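Residue numbers (my numbering), protein chains in the order written: chain B, 1 to 233; chain F, 1 to 295. By construction, the Cβ of each residue, glycine as well, lies at the ideal position given by its N, Cα and C atoms. Predicted model only: the values in this text are computed from it and were never measured.
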Amino acid sequence: MSQALEIKGLHAWYGESHILHDMNLSVAQGEVVTLLGRNGAGRTTTLRAIMGLTGKRSGSIKINGVETIALPTHKIAHFGVGYCPEERAIFSSLSAEENLLLPPTLNAGGMSVAEIYQMFPNLEERRHSQGTRLSGGEQQMLAVARILRTGAKLLLLDEISEGLAPVIVQALSHMISTLKTKGYTIVMVEQNFRFAAPLADRFYVIEHGQVVAQFGANELNTKMDELNELLGV
Amino acid sequence: MEILGIPLAAFLGQLLLGLVNGSFYAMLSLGLAVIFGLLNVINFAHGALYMMGAFLAWMGLQYFGISYWVMLLLLAPLLVAIFGIVIERTMLRWLYQLDHLYGLLLTFGVTLMIEGVFRSFYGVSGQPFAVPPQLAGATDLGFMMLPIYRAWVVVASLVVCLATWFVIEKTRLGAYLRAGTENPRMVEAFGVNVPLMVTLTYGFGVALAGFAGVLAAPVLQVSPLMGSNLIVTIFAVVVIGGMGSILGSIVTGLALGVIEGLTKVFYPELSSTVVFIIMAVVLLVRPAGLFGREK
Numbered sequence: 001m002s003q004a005l006e007i008k009g010l011h012a013w014y015g016e017s018h019i020l021h022d023m024n025l026s027v028a029q030g031e032v033v034t035l036l037g038r039n040g041a042g043r044t045t046t047l048r049a050i051m052g053l054t055g056k057r058s059g060s061i062k063i064n065g066v067e068t069i070a071l072p073t074h075k076i077a078h079f080g081v082g083y084c085p086e087e088r089a090i091f092s093s094l095s096a097e098e099n100l101l102l103p104p105t106l107n108a109g110g111m112s113v114a115e116i117y118q119m120f121p122n123l124e125e126r127r128h129s130q131g132t133r134l135s136g137g138e139q140q141m142l143a144v145a146r147i148l149r150t151g152a153k154l155l156l157l158d159e160i161s162e163g164l165a166p167v168i169v170q171a172l173s174h175m176i177s178t179l180k181t182k183g184y185t186i187v188m189v190e191q192n193f194r195f196a197a198p199l200a201d202r203f204y205v206i207e208h209g210q211v212v213a214q215f216g217a218n219e220l221n222t223k224m225d226e227l228n229e230l231l232g233v
Numbered sequence: 001m002e003i004l005g006i007p008l009a010a011f012l013g014q015l016l017l018g019l020v021n022g023s024f025y026a027m028l029s030l031g032l033a034v035i036f037g038l039l040n041v042i043n044f045a046h047g048a049l050y051m052m053g054a055f056l057a058w059m060g061l062q063y064f065g066i067s068y069w070v071m072l073l074l075l076a077p078l079l080v081a082i083f084g085i086v087i088e089r090t091m092l093r094w095l096y097q098l099d100h101l102y103g104l105l106l107t108f109g110v111t112l113m114i115e116g117v118f119r120s121f122y123g124v125s126g127q128p129f130a131v132p133p134q135l136a137g138a139t140d141l142g143f144m145m146l147p148i149y150r151a152w153v154v155v156a157s158l159v160v161c162l163a164t165w166f167v168i169e170k171t172r173l174g175a176y177l178r179a180g181t182e183n184p185r186m187v188e189a190f191g192v193n194v195p196l197m198v199t200l201t202y203g204f205g206v207a208l209a210g211f212a213g214v215l216a217a218p219v220l221q222v223s224p225l226m227g228s229n230l231i232v233t234i235f236a237v238v239v240i241g242g243m244g245s246i247l248g249s250i251v252t253g254l255a256l257g258v259i260e261g262l263t264k265v266f267y268p269e270l271s272s273t274v275v276f277i278i279m280a281v282v283l284l285v286r287p288a289g290l291f292g293r294e295k
């Protein structure tokens, strides 16, 4: 299977602080991969480094086989990458619908606004509200929905289940399964293991800015003890 | 007919003059607001670029016989924008990560250089610029004489300001601009070429100053100092309206022009300070400005 994302020897910095140390990971087309780890391990930084949102980077990041490490952020999205940051980054000076329509179309085959409203009826009801007036759950749906519209096929989702009511977490979980059947490639950073476990094909455990363990969904039961130790649960 | 002991004609005359000045305040502070919003730069060079617009109109007519209209609607804003884009690409670009003060100092230096060049060629006395024949003269409204050119200034400025407001607040292009003002990195992560947008926004902001300069040429004398005379008041307008607020700068610009004009009627001694008194009061009561959002 061809690789949607292949990271080799990646180092990344914020100013003087060296956050990622020789990160290596790869994600095949259509795979759902979860990055696990403690707070501050470098999972969010990995996603941000893929988008070129950190400071200095070195190493190799290939998206669909093309080297992107030297490209500016605005070009990276055009490889069909959709990024949903942990802080959601809903714009307060835009209405909910303007937020939804903001990201430019990258590829054909994105969801239509009608499909998105069908998936998230709340967003349609509140489309004229100021983006940041939406509830936390609605903002999270909006943050994910707006990258589904663009035709991005590689989704980088940072802590999308964090701090949300169980019913919304369930809706998001359902959404990810749907996207998976549609062939999307997804990299999730998740604190909520129970959310990630049934969705992901593979897991990477990250510690001190590098991968310290990886295993497939089928190994989950046998590796549970090792995992608990690594995550300090 | 009199209002509070002031002849109606004098009152209306000052009101119109206030509106004309307010039109310039509005256009210039609007450009500053747009630039500050996206670039985080306090563009001190705005006054000098406004002066440049006026001089371009004068030079075009004087040396090349290019009409006022071509200058106003095309050449002056375009040339000022190109000049601004060069400044942004070569100098301002390096300062975005730093404190506002650096951008202010750099553009202040640019101001001194532009003004110095024009002063060494044309001295400080103003160059006369005739009102274009289509807009010469005045109409009798019955209760006052209305100089057509002044009415044109107010109308043209309102059209430009409202069009700018519409584009920023109601269109997709404006949504990029608003979003970029809030979180440029995220907009870039969506695949929008934000550095290009920043450059074009600066170009547009200073083009507004160039446009205002041409508009001012027949009303005020075209002089190298015309920008410096105005820029301090413009900054007061921006502070009163709220840094970076689009609607705020338009409304505040016009309102302060009118208030200043009326102060000339009722208490002339105060007319040159009234704007700053209002600024002080607004800063005390609403530090973010009348239309600004608290951070």
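Which residues in chain B have a C-beta closer than 9 Å to the C-beta of Phe166/F? List them in chain order. The residue you call residue 166/F lines up with position 166 of the second sequence. Near Phe166/F there are no residues of chain B at all, since even the closest Cβ is about 15 Å away, more than 9 Å.
Check Lys153/B in the structure and name its three-state DSSP category. Residue 153/B sits at position 153 when you count from the first residue of the first sequence. If DSSP states are grouped into helix, strand and coil, Lys153/B belongs with coil.
Which listed residue (Pro7/F, Phe11/F, Phe36/F and Leu17/F) has its alpha carbon closest to that of Ile246/F: Here residue 246/F is taken as the residue at index 246 of the second sequence, counted from 1. Checked all of Pro7/F, Phe11/F, Phe36/F and Leu17/F; the closest Cα to Ile246/F is Phe36/F.
Does the stretch 88-99 of chain F come into contact with the stretch 196-208 of chain F, if we say contact requires no fewer than three beta-carbon pairs (one atom in each stretch) closer than 8 Å? yes
I want to see whether chain F comes within less than 9 Å of Lys153/B, judged by CB atoms only; does it? Along the first sequence, read from residue 1 onward, the residue named residue 153/B stands at position 153. No, Lys153/B does not count as interfacial toward chain F.
What's the gap between the Cα of Val211/B and the Cα of Leu231/B? Locating residue 211/B in the first sequence gives position 211, where the first residue counts as 1. Locating residue 231/B in the first sequence gives position 231, where the first residue counts as 1. Going from the Cα of Val211/B to the Cα of Leu231/B covers about 13 Å.
For chain F, find out if any of its Cβ atoms is closer than 9 Å to the Cβ of Met51/B; answer yes or no. Locating residue 51/B in the first sequence gives position 51, where the first residue counts as 1. Chain F, which has a Cβ nearer than 9 Å to the Cβ of Met51/B, makes this yes.
Select from Ala171/B, Ser173/B, Ile160/B and Thr46/B the residue whose C-alpha is nearest the C-alpha of Ile7/B. Residue mapping note: residue 7/B aligns to position 7 of the first sequence, counting from 1. Per the Cα distances, Thr46/B.
Would you decide whether Ser177/B is buried or exposed? Buried here means 16 or more other CB atoms lie within 10 Å of its CB. Position 177 of the first sequence, counting from 1, holds the residue named residue 177/B. Ser177/B comes out exposed.
For Pro7/F, tell me which candidate among Gly289/F, Leu262/F and Ala255/F has the shortest Cα-Cα distance. The count along the second sequence starts at 1 and reaches residue 7/F at position 7. Checking every option, the nearest Cα to that of Pro7/F belongs to Leu262/F.
For Pro72/B, three-class secondary structure by DSSP: Within the first sequence, numbered from 1, the residue matching residue 72/B stands at position 72. Three-state DSSP puts Pro72/B in coil, outside helix and strand.
Are there 16 or more other CB atoms within 10 angstroms of the CB of Ala242/F, so buried, or fewer, so exposed? Working through the second sequence from its first residue, we reach residue 242/F at position 242. A quick correction: the sequence has Gly, not Ala, at residue 242/F. Looking at its Cβ environment, which holds 16 or more other Cβ atoms inside 10 Å, Gly242/F is buried.
Entirely enclosed alpha helix (DSSP H) segments - the stretch 166-208 of chain B, minimum 4 residues: 166-181 and 193-196
In the DSSP assignment, find the unbroken alpha helix (DSSP H) run with Asp225/B in it and report its ends. Within the first sequence, residue 225/B is the residue found at index 225, counting from 1. Where Asp225/B is concerned, the enclosing alpha helix (DSSP H) stretches over Met224 to Leu231.
Does chain F have any CB closer than 9 Å to the CB of Tyr14/B? Position 14 of the first sequence, counting from 1, holds the residue named residue 14/B. With 9 Å as the cut-off, Tyr14/B does not count as an interface residue toward chain F.
What are the partner residues of Ser26/B, as DSSP defines its beta bridges? Along the first sequence, read from residue 1 onward, the residue named residue 26/B stands at position 26. For Ser26/B, which the question treats as bridged, DSSP gives the partners Glu6/B.
Cβ of Gly42/B within 9 Å of Cβ of Ile206/B? Indexing the first sequence from 1 puts residue 42/B at position 42. Indexing the first sequence from 1 puts residue 206/B at position 206. In this structure, Ile206/B lies closer than 9 Å to Gly42/B by Cβ.
Find the nearest neighbour of Leu156/B within the set Phe190/F, Gly137/F and Pro147/F, judged by alpha-carbon distance. Taking the first residue of the first sequence as 1, we reach residue 156/B at position 156. Measuring from the Cα of Leu156/B, the nearest candidate turns out to be Phe190/F.
Inter-residue spacing [alpha-carbon to alpha-carbon] between Gly126/F and Gly180/F: Here residue 126/F corresponds to residue number 126 of the second sequence, with the count starting at 1. Here residue 180/F corresponds to residue number 180 of the second sequence, with the count starting at 1. One C-alpha to the other measures close to 40 Å.
Straight-line gap, Trp152/F to Gly163/B (C-alpha atoms, nearest Å): Numbered from 1 along the second sequence, position 152 holds the residue referred to as residue 152/F. Numbered from 1 along the first sequence, position 163 holds the residue referred to as residue 163/B. Approximately 57 Å, taken between the alpha carbons.
Against chain F, does Ala77/B count as a neighbour if the rule is that its beta carbon must be under 9 Å from one of theirs? As a first step, residue 77/B must be located in the first sequence, where it is residue number 77. So yes, Ala77/B belongs to the interface.
For Tyr184/B, return the contacting residues in chain F, with the cut-off set at a CB-CB distance below 7 Å. The residue you call residue 184/B lines up with position 184 of the first sequence. Ordered by position in chain F, no residue passes the 7 Å Cβ test against Tyr184/B, which lies about 17 Å from the chain.
Given a limit of 8 Å on CB to CB distance, which residues of the stretch 186-199 of chain F reach chain B? Met186, Val187, Glu188, Ala189, Phe190, Gly191, Val192, Asn193, Val194 and Pro195
In terms of residue numbering, what span does the alpha helix (DSSP H) encompassing Ala48/F cover? Residue numbering aside, residue 48/F sits at position 48 when the second sequence is read from its first letter. First-last of the alpha helix (DSSP H) with Ala48/F: His46 to Met59.
Should Glu182/F be flagged as near chain B, meaning a C-beta pair shorter than 9 Å? Counting from 1 along the second sequence, the entry for residue 182/F is found at position 182. Chain B, which has a Cβ nearer than 9 Å to the Cβ of Glu182/F, makes this yes.
Closer than 9 Å to chain F by CB, Leu142/B: One-based indexing of the first sequence puts residue 142/B at position 142. Chain F, which has no Cβ nearer than 9 Å to the Cβ of Leu142/B, makes this no.
Name the one or two DSSP bridge partners that Arg57/B has. Position 57 of the first sequence, counted from the first residue, corresponds to residue 57/B. BP columns for Arg57/B point to Ala12/B.
Beta carbons nearer than 8 Å to chain F: which residues of the stretch 193-209 of chain B have them? none
Segment limits, beta strand (DSSP E) that includes Leu35/B: Position 35 of the first sequence, counting from 1, holds the residue named residue 35/B. Its beta strand (DSSP E) spans residues Val32 to Gly37.
Relative to the C-alpha of Val32/B, which residue among Phe203/B, Glu229/B and Glu87/B is closest? For the purposes of this step, residue 32/B is identified with residue 32 of the first sequence, where counting begins at 1. It is Phe203/B.
If I measure Cβ to Cβ from Gly60/F and keep anything under 7 Å in the same chain, skipping five residues before and after, which residues do I get? By 1-based counting over the second sequence, the position of residue 60/F is 60. For Gly60/F, where only same-chain residues beyond five positions count, the Cβ hits under 7 Å are Ile66, Met71 and Leu75.
Taking C-beta pairs closer than 7 Å, name the residues in chain B that Ala175/F reaches, listed in chain order. The residue given as residue 175/F occupies position 175 in the second sequence. Under the 7 Å cutoff, chain B gives Leu94, Glu98 and Leu102.
DSSP three-state call for Gly82/B: helix, strand or coil? Position 82 of the first sequence, counted from the start, is the residue given in the question as residue 82/B. Gly82/B: strand per DSSP, three-state reduction.
State the DSSP-derived secondary structure class of Ser272/F, mapped to helix, strand or coil. Within the second sequence, numbered from 1, the residue matching residue 272/F stands at position 272. Of the three classes helix, strand and coil, the one that applies to Ser272/F here is coil, per DSSP.
If you follow the beta strand (DSSP E) that Thr139/F is in, where does it begin and where does it stop? Here the question's residue 139/F lines up with position 139 in the second sequence. From DSSP, the beta strand (DSSP E) with Thr139/F extends over Ala138 to Asp140.
Apply the 10 Å Cβ neighbour rule to Ser120/F and answer buried if 16 or more other Cβ atoms are within range, or exposed otherwise. Stepping through the second sequence from its first residue, residue 120/F is reached at position 120. Exposed, because fewer than 16 other Cβ atoms sit within 10 Å of the Cβ of Ser120/F.
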